[in-house]
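First the structure, in the form of structure tokens, and then the observations on it.
Numbering (my numbering), first residue to last: 124 to 409.
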């Protein structure tokens, strides 16, 4: 019997990237797909392109977590795969193989994610992106994010509380942590290809440094940091190069006013010390 899978893709002005992913999904073999586009108010051709490709569309207020939850509430198959619109599948049987790997790993109580491959990495930053790809294969806390996809049973998704909707970003980080705490992660076979477009728009090193600041703020429990610095994660079409210094100083000032956060920062640094040998290895690998 051919397995059923609901594929959920949040969108906001993704007319340039979405058609390629929808074509990859159309070519998948060994699985029957129910494709959902959850749109957050696009003013380009995103919705019309989705409908013309046969996808089901649900629309509502923007916010990736809320968008994915809306489509999840309507999807029929028991299995869910959440993907970003700029993702690309690397082979025509990738989703069938992913479902088989999920089942072999134990099925219920397992959440699957793909290793990443950056398909358009600038030559000047190839080692940085190779390092980031290696992190997606590590399976360690803090390394599994939404751009790697999420394959999960709907009941497990509900039991974990779904995606948080309070803020327009980091919904994937909260759910990833919930999986580490109450379920198990499984690295799926075959790479999920993704774009470096935000890194290119904002500057690869700057974007990565900003991501590090955001993860540090989250680790210290300073989620209000995101409310005071929404420029950290603008919509993709508004992405542009920006200096890291104002955000770094903001985080330092906020942390100095709350000394209890320093031990959390130290603990976070120790937990991520494993990345240093990985950095050295990729820096030396030309």
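Every residue gets a Cβ at the ideal spot worked out from N, C-alpha and C, and that includes glycine.
Cβ-based burial, residue i [other Cβ within 10 Å; buried from 16]
i: residue 171; result: exposed
i: residue 397; result: exposed
i: residue 175; result: exposed
i: residue 344; result: exposed
i: residue 384; result: buried
i: residue 399; result: exposed
i: residue 378; result: buried
i: residue 217; result: buried
i: residue 152; result: exposed
i: residue 104; result: Nothing about residue 104 can be reported from this structure: the residues present for the chain run from 124 to 409 only.
i: residue 147; result: buried
i: residue 140; result: buried
i: residue 381; result: exposed
i: residue 247; result: exposed
Same chain only: Cβ atoms within 6 Å of residue i, ignoring 5 sequence neighbours per side
i: residue 192; result: 285, 286
i: residue 155; result: 125, 127
i: residue 129; result: 157, 198, 200, 203
i: residue 322; result: 330
i: residue 133; result: 161, 187, 190, 191
i: residue 274; result: 204, 221, 225, 235
i: residue 173; result: 160, 180
i: residue 219; result: 153, 154
i: residue 145; result: 176
Selection from the options that minimises the alpha carbon distance to residue i
i: residue 375; options: 396, 336, 392, 403; result: 336
i: residue 237; options: 267, 219, 245; result: 267
i: residue 347; options: 165, 333, 373, 332; result: 373
i: residue 213; options: 180, 143, 385; result: 143
i: residue 245; options: 134, 327, 174; result: 327
i: residue 388; options: 136, 340, 185; result: 340
i: residue 313; options: 177, 386, 196, 215; result: 215
i: residue 209; options: 319, 248, 275, 173; result: 319
i: residue 164; options: 176, 182, 148; result: 182
i: residue 283; options: 173, 149, 298; result: 298
i: residue 261; options: 349, 135, 401; result: 401
i: residue 288; options: 184, 150, 395; result: 184
i: residue 394; options: 368, 150, 338, 350; result: 338
i: residue 228; options: 249, 364, 311, 149; result: 311
i: residue 350; options: 406, 290, 368, 248; result: 290
i: residue 404; options: 281, 223, 250; result: 250
i: residue 392; options: 219, 325, 342; result: 342
Beta-carbon contacts of residue i that lie in its chain and below 7 Å, excluding the five residues immediately before and after
i: residue 303; result: 264
i: residue 232; result: 279, 306, 307
i: residue 301; result: 283, 284
i: residue 150; result: 215
Own chain, CB closer than 8 Å to residue i, minus 5 neighbours either side, in chain order
i: residue 271; result: 236, 237, 238, 239, 259, 315
i: residue 159; result: 129, 130, 131, 132, 178, 179, 180, 181, 194, 197, 198
i: residue 317; result: 207, 209, 210, 211, 239, 240, 241, 242, 270
i: residue 168; result: 138
i: residue 230; result: 276
i: residue 366; result: 329
Proximity test, residue i beta-carbon vs the ligand GTP heavy atom, cut-off 8 Å
i: residue 161; result: For the structure depicted, the ligand GTP is absent and the ligand set is empty, with no information on it obtainable.
Chain C within 9 Å of residue i, Cβ atoms only
i: residue 208; result: Looking for chain C here will not work: only one protein chain is present.
Is there contact here, the segment 286-297 with the segment 252-259, by at least three beta-carbon pairs under 8 Å? no
Report the residue ranges of all beta strand (DSSP E) runs contained in full by the segment 327-389; include only those spanning at least 3 residues, in chain order. none
Enumerate, from N- to C-terminal direction, the unbroken beta strand (DSSP E) stretches of 3 or more residues contained entirely within the segment 198-259. 202-205, 233-236, 239-241
Just to confirm the assignment: which complete alpha helix (DSSP H) runs, minimum length 4, are found wholly within the segment 257-305? 277-282, 294-305
Ranges of the alpha helix (DSSP H) found wholly within the segment 155-188, counting only runs of at least 4: 169-175
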